[in-house]
Amino acid sequence: MGQTKRAKEQPEQQLFEQLERVRAGMMGIEGSHSHMQPMGHIADADDAARLWFFTSRSSDLFREIGEGKHAHFCVVGRDQDYHACLMGHLAENRDPTKIDLYWSDIVASWFKGKNDPDMALLEFDLLDAAIWASTKNPIRFAWEVQTSKNSSKEPDVGTRAHVDFTQPKGSAAREEAKRH
Numbered sequence: 001m002g003q004t005k006r007a008k009e010q011p012e013q014q015l016f017e018q019l020e021r022v023r024a025g026m027m028g029i030e031g032s033h034s035h036m037q038p039m040g041h042i043a044d045a046d047d048a049a050r051l052w053f054f055t056s057r058s059s060d061l062f063r064e065i066g067e068g069k070h071a072h073f074c075v076v077g078r079d080q081d082y083h084a085c086l087m088g089h090l091a092e093n094r095d096p097t098k099i100d101l102y103w104s105d106i107v108a109s110w111f112k113g114k115n116d117p118d119m120a121l122l123e124f125d126l127l128d129a130a131i132w133a134s135t136k137n138p139i140r141f142a143w144e145v146q147t148s149k150n151s152s153k154e155p156d157v158g159t160r161a162h163v164d165f166t167q168p169k170g171s172a173a174r175e176e177a178k179r180h
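Numbering-wise (my numbering), the sequence shown opens with residue 1 and increments by one.
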């Protein structure tokens, strides 16, 4: 199944598959005057409405979130045919069982261990996600662009979908896909 069809029919499943394929995205705090910054995310298949991040307590991002803030996390698929912007609430989680669960050799390379006073685990509770999927077929892309020159219709090279994480999983509202 192609990216555009999957975005229409299985947007949430596709989103988490894409999150597993890419290592990082750009995180920004709503209302902040700071630029978005690259962050490596941890997606847990058993908890599909949440992402996790390790960061330094001395980072601008950590200082800006305080007790928690709304944030955006944007990812681009490896093949440049998938884009998503996730919105949710970002806050520190001090639960040692969560730190143990998500700790890895990669995380350990930035910190002096799980008890490093500069290390913080951030929990990103997802509210919703906007998804844009496009064809990576160059022939179809060229055809759509060329035929649109001689008509009043825009090229049909992609789809936009929306996932609402505030609705129960499996509900029609949660998996609604909207076409451009």
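For each residue, glycine too, the CB sits at the ideal point set by N, CA and C.
Cβ contact (3+ pairs, closer than 8 angstroms) linking the region 72-84 and the region 105-112 | Contact fails: fewer than three Cβ-Cβ distances are below 8 angstroms.
With a threshold of 16 other CB atoms inside 10 Å of the CB of Pro38, please say whether the residue is buried or exposed.
-> Pro38 should be labelled exposed.
Three CB pairs or more closer than 8 angstroms across the region 8-26 and the region 42-53 = Because the criterion of three Cβ pairs below 8 angstroms is met, the region 8-26 and the region 42-53 touch.
Mapping DSSP to helix, strand and coil, what is Tyr17?
-> A small fix is needed here, since residue 17 is Glu in this sequence, not Tyr. Glu17: helix per DSSP, three-state reduction.
Does the pairing of the region 83-90 with the region 55-70 give three or more beta-carbon distances under 8 angstroms?
-> Between the region 83-90 and the region 55-70, the count of Cβ pairs shorter than 8 angstroms is three or higher; the stretches touch.
How many Å lie between Cys74 and Arg160 at the Cα?
-> The straight-line gap separating the alpha-carbon atoms of Cys74 and Arg160 is approximately 15 angstroms.
Alpha carbon of Lys98 to alpha carbon of Phe54, nearest angstrom | Going from the Cα of Lys98 to the Cα of Phe54 covers about 11 angstroms.
If we count the other Cβ atoms within 10 Å of its Cβ and call it buried at 16 or more, is Lys8 buried or exposed?
-> Buried, since its Cβ has 16 or more Cβ neighbours within 10 Å.
Cβ pair Phe124, His41 closer than 9 angstroms = For Phe124 and His41, yes; Cβs fall inside 9 angstroms.
In the DSSP assignment, find the alpha helix (DSSP H) that holds Phe62 and state where it starts and stops.
-> Run containing Phe62: 60-65, per the alpha helix (DSSP H) assignment.
Kindly indicate which three-state DSSP category Thr147 falls into: helix, strand or coil?
-> For Thr147, the secondary structure class from DSSP, reduced to helix, strand or coil, is helix.
Under the rule that 16 or more other beta-carbon atoms within 10 Å means buried, what is Ser134, buried or exposed?
-> By the neighbour-count rule (16 or more Cβ atoms within 10 Å), Ser134 is buried.
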